[in-house]
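Working notes, beginning with the structure itself.
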Amino acid sequence: MTVGWGSSCRGLAGGSHQEMKRQPGLMMELNSRLVPHIWAVGDDVNSSLILLKQGAEARVFESTFAGRKSIIKERFSKKYRHPLLDSKLTLKRLNAEARCMTKARRLGVCTPVLYFVDPVLHTLTFEYIEGPSVKDILLKFGLHGVQEEQLDDIATQIGSAIAKLHDGGLIHGDLTTSNMLIRSGANGLVLIDFGLSFTSTLPEDKAVDLYVLERALLSMHSSCGNVMDRILAAYRKSSKQWSSTLNKLAQELVGEALLSSLFQMLSEKLDSPENLNFYYGL
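For what it's worth, our numbering labels the leading residue of the sequence shown as 917, then goes sequentially.
Spelled out as structure tokens, the structure:
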């Protein structure tokens, strides 16, 4: 997956495909820590690790597991926290991510296959997905053959996948187009990065999940037009609990619009010299 995981590792740890690089010194250190544990569960393992990206919470590597190309996500310790507390928090988040990823697959949502959880090194090893991120595809909308038909298909898959998560009581927590891949060949949607996921049946939490996606689409893919409307149409068609969730989402959007209008009014008032003089006591 030269394009997929490389371009989407920003979703796992922040950053971009262009920043992907080999770091020999760091690799030597990490190989000495990670590889012995990998060898313990697979006889045919490539000991090389390629750092794809390091973010605030985790490092993401390309590697192999039992002869299969894989991704290793390492949650590293935070030096500012007490070591005991840090270890407990890191392990708790590691296990939560593994559980949420596994639950998503049980709900019928395509995610990378989870191969191995290491509670000592705080790593998850999972399937390496061949294919581009949805972000990369949407950024090419109207160019290089990315047309309305493909956009419709992707939006339908996204809406259906989110509906399955929400009806099953699972909130993704970071629904951005960087955290969605399209598997090469099959053209199927794969959701990644469940690091912020949690379980909830509240319509408010589901609405916030959709709101995060709406903001991401608006900021990065405004040229794609009404793609969010297409996603919500598929969500409504697939979800049995769509009504309460979409009502809450509408409230979120209306509230945001009202705040935006209020700030605009205040900005216009303060822009006049008379009001600025009054505001600053001149």
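All residues carry an ideal CB built from backbone N, CA and C; glycine is no exception.
field: Residue from L1129, F1114, T1092 and I1078 with nearest C-alpha to W1158
entry: I1078
message: Suppose contacts are defined by Cβ-Cβ distances below 7 Å. Is G886 in contact with E1013 by that definition?
response: Given that the chain is displayed from residue 917 to residue 1198, the structure contains no residue 886 and the question cannot be resolved.
- prompt: Under three-state DSSP, which class holds Y996?
  reply: coil
- prompt: Roughly how many angstroms separate the alpha carbons of F977 and D1125, rounded to a whole number?
  reply: 27 Å
message: Just list the residues that DSSP pairs R984 with in beta bridges.
response: F981
task: Consult DSSP for T1041 and reduce its assignment to one of helix, strand or coil.
output: strand
message: Measuring only the C-alpha atoms, how far is D1034 from L1040?
response: 6 Å
- request: Go to I1108, then tell me how far its alpha helix (DSSP H) extends in each direction, as first and last residue.
  value: Here I1108 belongs to no alpha helix (DSSP H), and DSSP marks it neither H nor E.
message: Considering only DSSP beta bridges, list what A974 is partnered with.
response: R991
field: Residues that DSSP places opposite K1156 in a beta bridge
entry: According to DSSP, which records beta bridges pairwise, K1156 is partnered with nothing at all.
message: So, at 6 Å on beta carbons, what are the nonlocal neighbours of K985 in its own chain, with the 5 sequence-adjacent residues on each side left out?
response: Y1044
query: Does DSSP put T1018 in a helix, a strand or coil?
result: helix
task: Counting only the same chain and skipping the five closest in sequence on each side, list residues whose C-beta sits under 8 Å from that of L1007.
output: P1035 and H1038
field: At least 3 beta-carbon pairs within less than 8 Å: the region 1124 to 1139 vs the region 1100 to 1109
entry: no
field: Buried/exposed call for H998, threshold 16 Cβ in 10 Å
entry: exposed
task: Could you tell me which of H1088, L1001, F1042 and G971 sits nearest to G983, measuring between CA atoms?
output: F1042
task: Enumerate in chain order the residues of its own chain whose CB-to-CB distance from Q1066 is below 8 Å, with the five nearest sequence positions on each side excluded.
output: I1053
field: Opposing strand residues paired with L967 [DSSP bridges]
entry: F977
message: Buried or exposed, going by whether 16 or more other CB atoms sit within 10 Å of the CB of Q939?
response: Only weak support exists for where Q939 lies, its pLDDT of 47 falling under 50; the value from the coordinates is given anyway. Looking at its Cβ environment, which holds fewer than 16 other Cβ atoms inside 10 Å, Q939 is exposed.
CA nearest to the CA of A1123, picked from K1164, R1099, A1149 and L1086: K1164
message: Counting only C-beta atoms, is D1145 closer than 7 Å to chain C at any point?
response: Absence of chain C from the displayed structure is noted, only one protein chain being present.
query: Which first and last residues belong to the beta strand (DSSP E) in which D1034 is found?
result: L1030 to D1034
task: Using a threshold of 7 Å, state whether the C-beta atoms of G1104 and C1026 are closer than that.
output: yes
message: Rounded to whole angstroms, what is the Cα-Cα separation between L1000 and L1030?
response: 27 Å
message: Taking the straight line between their C-alpha atoms, what separation do you get for S1003 and L1010?
response: 10 Å
- request: Please state if the CB of L1086 and the CB of K1216 are separated by a distance shorter than 7 Å.
  value: As displayed, the chain neither begins before 917 nor continues past 1198, which places residue 1216 out of reach and without an answer.
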